[in-house]
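Chains V and G supply the protein sequences, listed in that same order. Going by our numbering, 58 is the number at position 58 of the first sequence; the sequence numbering is gapless. Take any residue in the second sequence, count from 1 to its spot, add 1000: that is its number in our numbering. All C-beta atoms in this analysis are idealised placements derived from N, C-alpha and C, irrespective of residue type, glycine included. Since this is a predicted model, take the numbers as computed values, not measurements.
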Amino acid sequence: MRASSPPREGVLPRSRLSALFQALQEWGYEIIGPQIRDQAIVYDVLDRAEDLAAGYREEHAPGRYRLTPRAQQKVFASTASIHAWKRFLYPPEIKLYQISLNSSQAQIESLATPVRKRAFLGVRPCDLHAIAVQDRIFTGGVYRDPYYEANRAATLLIAVNCDEPGATCFCGSMGSGPSATHGFDLLLTEILEPEHRFLIESGSAAGEAILSRLPVTPPQEEDRTAAQDLHRQACQKFQRFVDTNELRELMYAQAESEHWEKVARRCFACANCTQVCPTCFCVNFEDSSDVSGATAQRWRRWDSCFHLSFSYIHGGSVRTSVGARYRQWITHKLASWWDQFGTSGCVGCGRCVTWCPAAIDITAEAKALGTLTRSERAHAST
Amino acid sequence: MKSEKRAKPKIGVFKFASCDGCQLTLLDAEEDLLAVAQAVEIAYFPEASRRMRKGPFDIALVEGSITTHHDAQRIHQIRRASKLLVTIGACATSGGIQALRNWQDAGEMARVVYARPSYISTLKLSTPIAEHVEVDYELRGCPIQKGQLLELLSALLAGRKPNVPTYSVCVECKRRGSVCVMVAQGIPCLGPVTQAGCGAICPAYNRGCYGCFGPMESPNTTALSDHFRILGQTPTQIQHAWRGMNAWAWEFRKASEEVKVP
C-alpha cells in the first residue's frame, strides 16, 4: 500500500522545471515568482519557467543594490526581493466599498477584491516566517481580516531554501532561515552539481498532489548530502547578525535615549522600510466622495508609522520628531511585537537595510542600542 | 426636512505668473469636468470662457506666483472676494521655476533679455500666494494632479476633510511596485523628501524625482544632499537639484543655499 501513497519527496531535473509550471497551471494557479524588471529581481506573474530570473547575481549593501549577470544558470539566485509577497496577500490599496445615493436610498456595494488561486514560487524561508507572522495577525485572533484570509486560503507556497544569503540578510540570527522547516506546501533545494536539479519536499496535501504530477525520481543519498552541505555553507555566509538575547529588554531600556536623535539626522522618514517590510501591516482607511456627492467610497491603503498623520489625534501628531517615529518602528519590530503577537516582528530578510535610501541598518541600530543599555547597566552596578 | 434648492457654489479661477498648466488640469478633467460644471457655477475662468462674472466667489482657485506690483494688489482683491482661497501648483505654493531669479538681479536680467527694459515693471522676488494673503488649502505639483484637484473640490463641496497626503513620494513608488532608482541604479532622486501626489511617475520611468510636489511634511534635506554627494554628484549638481520648480519653498531653498558651491 505504501507504493500508492503520494510521494513526500522527489528529485526534479532543472530541464524539467517547466513540468512544475504545467502542473500548477493545470490546477488553475497563477504563478508569481522572481523575474527581472527595472534592473532588479521582483516577484510578479510568470507564464513560463524560462521567464524566471536565471543567471544573475545580486549585490546587497545598506542603501545599495545591483544586479549583475553571472555564468552560472542558478534559477533562484535572489534573496528576499524588494517587494514582499504581502502585496499579493494584502494589497497596497483596495476599494472596500462604494455607497451610491439613488433618490433617497443609499445602496452599499461591497467591492472585495476577486480572489485568484495563486502559487508563490521561490518563497525564501525568511518570507515563509513573515507570512506566518501576518497569518497570526490577520487570521489568528478574534478580529480577522476577510480579504487577507481569502487571498491566503487561495495561495500555494512553494519555498526555496536559501544557500546564498545576501550581505544584508540576517535570518540566521532571527531563527527564520536559511532553510525552511515548515509552513510551505512544497520546498525546493536547488542543487547545481553535478547535475542541475531540485530536491523537492512536500509539506501539505496540496503540495503532495502537485508533487505526484511531476516527473521526479526518488532522492538518493547524494541528493540529501548535497542539500545538507548547501545548508551548512549558507549558515557560514551571513555578514549581519542580531543578538536576540534580551533584545526586548535592551530596546525598552533605550526609550528615552539620545541615540534616536542621531538616527533622525540620517533618516528621511520616507517610510520605505515599512513599505518593504514583509510583516508591517499598518493601513489607513480613507473615505472620499465624488463631485456630485452621489457616491462615496472607502479605500484601504498601506500606511506607515513614519508619517506625521499616522499618530495624528485631536490637537496634533503624537510623534512629531523623526527620532520618535524611528523608535516606534524599530521598538515594535524587535520588542513590543513580542508583547503584542508573541513573535518577533522582524524575520531578518534584510529588505529595510538594502532599500533604505539613507542606508540605515536595523542590525547596526539594534547593536548600538543594546550596547548602550549594557554599558549603562555596567555603569550602574559599579 | 424640506428640500431647499440652493444656489450652486461659485468658483473663480485666477492666474498670476505661471504657464497655465495647472488651470489646464481642470480642463483636462474631461468627463469629470462635466460633473464639476454641474456641481458648481464656474463664474470666472478666462482660460476657458469669455463669460466672466463678478465675485464674490465661494472658492477661488489661484494659479501662479506674485511677481509684479499689480499682482501684489490684485491677490488682495481676490482674497476679499472669496470665501475659500485655494492655491494650485508649484508657482502659487512656492514661487515656481521663475523664483530662480530670486538669487539674481531682476533688473540686470531684464536689461539682458528685453530690448526695452524700461517697459518691464517687476518685483525683485517671485513669491508664493501665501506670502501675501491667507490661503485655506494648497495643492502642490508642476502641474497639479487631476485626481487631487477633484478630491479637494469634492471634499470642499461635501464639507469633509480632503485626502491630500503629505508623506513622501517613496510611499507611492512602493505602492506602485516600482524599483527604487536611487538604491538599484544610483540615480539621484528627490523622492524621499518630496510630497506625494503625482503617483511617483518619474521613478517608474527610470528617472529620479524632480521634486515637483515640493517638500514633504518633514524633509531631511541635509541627509539627502549628503547622499547625493556619496552618489558622486558635484555641489553644482546638488544645488541645481534643489533649485527646480519649488526652488523657493523654504526647505528646498535652505538646502540649496547650504550647498557650498566652489
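message = Just verifying my parser: in three-state terms, what is the DSSP assignment at Gly-1194 of chain G?
response = Numbered from 1 along the second sequence, position 194 holds the residue referred to as residue 1194 of chain G. The displayed chain sequence assigns Thr, not Gly, to residue 1194 of chain G. Looking at Thr-1194 of chain G - three-state DSSP - the assignment turns out to be strand.
inquiry  = What does the Cβ neighbour count give for Val-1113 of chain G, buried or exposed, with the cut at 16 atoms within 10 Å?
reply    = As a working mapping, residue 1113 of chain G is identified with position 113 in the second sequence. Exposed.
query = Can you give the Cα-Cα distance for Arg-213 of chain V and Gly-177 of chain V, rounded to whole angstroms?
reply = For the purposes of this step, residue 213 of chain V is taken as residue 213 along the first sequence, with counting starting at 1. For the purposes of this step, residue 177 of chain V is taken as residue 177 along the first sequence, with counting starting at 1. Cα to Cα, Arg-213 of chain V sits roughly 28 Å from Gly-177 of chain V.
message = Counting only beta-carbon separations shorter than 8 Å, does Glu-1251 of chain G have a partner in chain V?
response = Start at 1 with the first residue of the second sequence, and residue 1251 of chain G comes out as number 251. Chain V contact via Cβ: absent.
message = Starting from Phe-238 of chain V, trace the alpha helix (DSSP H) in both directions and tell me its first and last residue.
response = Within the first sequence, the letter at position 238 stands for residue 238 of chain V. Per DSSP, Phe-238 of chain V belongs to no alpha helix (DSSP H) and is neither H nor E.
request  = Starting from the C-beta of Leu-247 of chain V, find all residues in its chain whose C-beta is less than 6 Å away, skip the five residues before and the five after it, and write them out in chain order.
outcome  = Counting from 1 along the first sequence, the entry for residue 247 of chain V is found at position 247. Closer than 6 Å at Cβ, skipping near neighbours: Leu-334.
request  = Please classify Lys-74 of chain V: is it buried, with 16 or more other beta-carbons within 10 angstroms of its beta-carbon, or exposed?
outcome  = Indexing the first sequence from 1 puts residue 74 of chain V at position 74. Buried.
inquiry  = At the level of alpha carbons, what is the spacing between Leu-1153 of chain G and His-60 of chain V?
reply    = The residue given as residue 1153 of chain G occupies position 153 in the second sequence. The residue given as residue 60 of chain V occupies position 60 in the first sequence. Cα to Cα, Leu-1153 of chain G sits roughly 45 Å from His-60 of chain V.
task = Could you spell out where the beta strand (DSSP E) holding Glu-1172 of chain G opens and where it closes?
result = Position 172 of the second sequence, counted from the start, is the residue given in the question as residue 1172 of chain G. Looking at the DSSP string, Glu-1172 of chain G is not in any beta strand (DSSP E); the run it does join, the alpha helix (DSSP H), is 1169 to 1176.
Cross-chain neighbours of Leu-308 of chain V in chain G, by beta carbon under 7 Å = Numbered from its first residue, the first sequence carries residue 308 of chain V at position 308. Within 7 Å Cβ-Cβ: Thr-1166, Glu-1217 and Ser-1218.
request  = Name the one or two DSSP bridge partners that Glu-30 of chain V has.
outcome  = As a first step, residue 30 of chain V is located in the first sequence; it is residue number 30 there, counting from the start. Glu-30 of chain V is bridged to V:Arg-118.
query = At a Cβ cut of 8 Å, what residues of the region 265 to 294 of chain V count as close to chain G, listed as they run along the chain?
reply = Per Cβ criterion, the list reads Arg-265, Arg-266, Cys-267, Phe-268, Ala-269, Cys-270, Ala-271, Asn-272, Gln-275, Val-276, Glu-286, Asp-287, Ser-288, Ser-289, Asp-290, Val-291, Ser-292 and Gly-293.
query = Which of helix, strand or coil does DSSP assign to Glu-69 of chain V?
reply = Taking the first sequence and counting its residues from 1, one reaches residue 69 of chain V at position 69. Before going on, a small fix: residue 69 of chain V reads as Pro here, not Glu. Note: Pro-69 of chain V maps to strand in three-state DSSP.
inquiry  = Quick check on DSSP: helix, strand or coil for Ser-1118 of chain G?
reply    = For the purposes of this step, residue 1118 of chain G is taken as the residue at position 118 of the second sequence. Three-state result, Ser-1118 of chain G: helix.
ask   = Can the beta-carbon of Ala-119 of chain V be found closer than 8 Å to that of Leu-96 of chain V?
value = The residue you call residue 119 of chain V lines up with position 119 of the first sequence. The residue you call residue 96 of chain V lines up with position 96 of the first sequence. Not a contact, by the Cβ cut-off of 8 Å.
request  = Determine the extent of the alpha helix (DSSP H) in which Lys-86 of chain V is found, giving its start and end residues.
outcome  = Position 86 of the first sequence holds residue 86 of chain V. Its alpha helix (DSSP H) spans residues 86 to 89.
query = Cα-Cα, which of G:Gln-1077, G:Gly-1095 and G:Ile-1042 is closest to Arg-1253 of chain G?
reply = The residue given as residue 1253 of chain G occupies position 253 in the second sequence. Of the listed residues, the one whose Cα sits closest to Arg-1253 of chain G is G:Gly-1095.
ask   = At a CB-CB cut-off below 8 Å, which residues of chain V make contact with Asp-1020 of chain G?
value = Here residue 1020 of chain G corresponds to residue number 20 of the second sequence, with the count starting at 1. The CB of Asp-1020 of chain G never comes closer than 8 Å to any CB in chain V; the least such distance is about 22 Å.
query = Given Glu-1134 of chain G, which residues of its chain have a CB within under 8 Å of its CB, disregarding the five upstream and five downstream residues?
reply = Within the second sequence, residue 1134 of chain G is the residue found at index 134, counting from 1. Result list for Glu-1134 of chain G: Arg-1079 and Leu-1085, in chain order.
message = Which same chain residues end up closer than 8 Å to Pro-1056 of chain G when comparing Cβ atoms and leaving out the 5 residues on each side of it in sequence?
response = If you number the second sequence from 1, residue 1056 of chain G lands on position 56. Hits under 8 Å: Lys-1010, Ala-1081, Ser-1082 and Lys-1083.
key: Classification of Ala-1007 of chain G by the beta-carbon crowding that lies within 10 angstroms, buried from 16 upward   = Taking the first residue of the second sequence as position 1, residue 1007 of chain G is located at position 7. Under this definition Ala-1007 of chain G is an exposed residue.
ask   = What residues in its chain sit with their C-beta under 7 Å from that of Gln-1233 of chain G, if we drop five residues either side in the sequence?
value = Taking the second sequence and counting its residues from 1, the one referred to as residue 1233 of chain G is at position 233. Within the same chain, Gln-1233 of chain G has close Cβ partners Pro-1188.
inquiry  = Using the Cβ count rule (16 or more neighbours within 10 Å means buried), how would you classify Pro-1046 of chain G?
reply    = For the purposes of this step, residue 1046 of chain G is identified with residue 46 of the second sequence, where counting begins at 1. Looking at its Cβ environment, which holds fewer than 16 other Cβ atoms inside 10 Å, Pro-1046 of chain G is exposed.
key: Enclosing beta strand (DSSP E) for Lys-1146 of chain G [first to last residue]   = In the second sequence, residue 1146 of chain G corresponds to position 146, counting from 1. Here Lys-1146 of chain G belongs to no beta strand (DSSP E); instead the alpha helix (DSSP H) covers 1146 to 1158.
request  = Report yes if the C-beta distance between Asp-185 of chain V and Gly-207 of chain V is below 8 Å; otherwise report no.
outcome  = On the first sequence, position 185 is the one that residue 185 of chain V refers to. On the first sequence, position 207 is the one that residue 207 of chain V refers to. Yes, the pair counts as a contact, with Cβ atoms nearer than the cut-off.
message = Would Glu-201 of chain V and Leu-187 of chain V be called neighbours here (beta carbons separated by less than 8 Å)?
response = The sequence position of residue 201 of chain V within the first sequence is 201, counting from 1. The sequence position of residue 187 of chain V within the first sequence is 187, counting from 1. For Glu-201 of chain V and Leu-187 of chain V, yes; Cβs fall inside 8 Å.
request  = For Val-347 of chain V, I'd like the list of residues in its chain whose CB is within less than 6 Å of its CB, leaving aside the five on either flank, ordered along the chain.
outcome  = By 1-based counting over the first sequence, the position of residue 347 of chain V is 347. Here the set comprises Cys-126, His-129, Ala-130, Met-174 and Ser-176.
query = Taking the alpha-carbon positions, what's the Lys-1002 of chain G to Ser-104 of chain V distance?
reply = Within the second sequence, numbered from 1, the residue matching residue 1002 of chain G stands at position 2. Within the first sequence, numbered from 1, the residue matching residue 104 of chain V stands at position 104. Caution applies to Lys-1002 of chain G, whose pLDDT of 42 falls short of 50 and renders its modelled position unreliable; the model cannot decide the point.
Cutoff 8 Å: Leu-1157 of chain G Cβ touching any chain V Cβ = Along the second sequence, read from residue 1 onward, the residue named residue 1157 of chain G stands at position 157. Chain V has a Cβ within less than 8 Å of the Cβ of Leu-1157 of chain G.
query = Is there at least one Cβ from chain V nearer than 8 Å to Ser-1178 of chain G's Cβ?
reply = Taking the first residue of the second sequence as position 1, residue 1178 of chain G is located at position 178. Ser-1178 of chain G counts as touching chain V.
query = What residues of chain V sit near Leu-1027 of chain G, judged by a beta carbon separation below 8 Å?
reply = Position 27 of the second sequence, counted from the first residue, corresponds to residue 1027 of chain G. Under the 8 Å cutoff, chain V gives no residues; its nearest Cβ is about 15 Å from Leu-1027 of chain G.
query = Going by alpha carbons, who is nearest to Ala-1158 of chain G out of V:Ser-344, V:Arg-16 and V:Asp-287?
reply = For the purposes of this step, residue 1158 of chain G is identified with residue 158 of the second sequence, where counting begins at 1. When V:Ser-344, V:Arg-16 and V:Asp-287 are compared, the shortest CA-CA separation from Ala-1158 of chain G is found for V:Asp-287.
Endpoints, the beta strand (DSSP E) within which Asp-135 of chain V is located = Along the first sequence, one-based indexing puts residue 135 of chain V at 135. Not the beta strand (DSSP E): Asp-135 of chain V falls in the alpha helix (DSSP H), residues 125 to 139.
query = Quick one, are the C-beta atoms of Val-291 of chain V and Asp-1032 of chain G less than 8 Å apart?
reply = Residue 291 of chain V sits at position 291 when you count from the first residue of the first sequence. Residue 1032 of chain G sits at position 32 when you count from the first residue of the second sequence. Yes, Cβ-Cβ distance for Val-291 of chain V and Asp-1032 of chain G is below 8 Å.
task = Take Met-1052 of chain G and list the residues in its own chain whose beta-carbon comes closer than 7 Å to its own, dropping the five residues that flank it on each side.
result = Here residue 1052 of chain G refers to the residue found at position 52 of the second sequence. If we look at Met-1052 of chain G and ignore the five residues flanking it on each side, its Cβ neighbours are Tyr-1044 and Pro-1046.
query = If you draw a straight line from the alpha carbon of Trp-337 of chain V to that of Thr-343 of chain V, how long is it in whole angstroms?
reply = Position 337 of the first sequence, counting from 1, holds the residue named residue 337 of chain V. Position 343 of the first sequence, counting from 1, holds the residue named residue 343 of chain V. Going from the Cα of Trp-337 of chain V to the Cα of Thr-343 of chain V covers about 6 Å.
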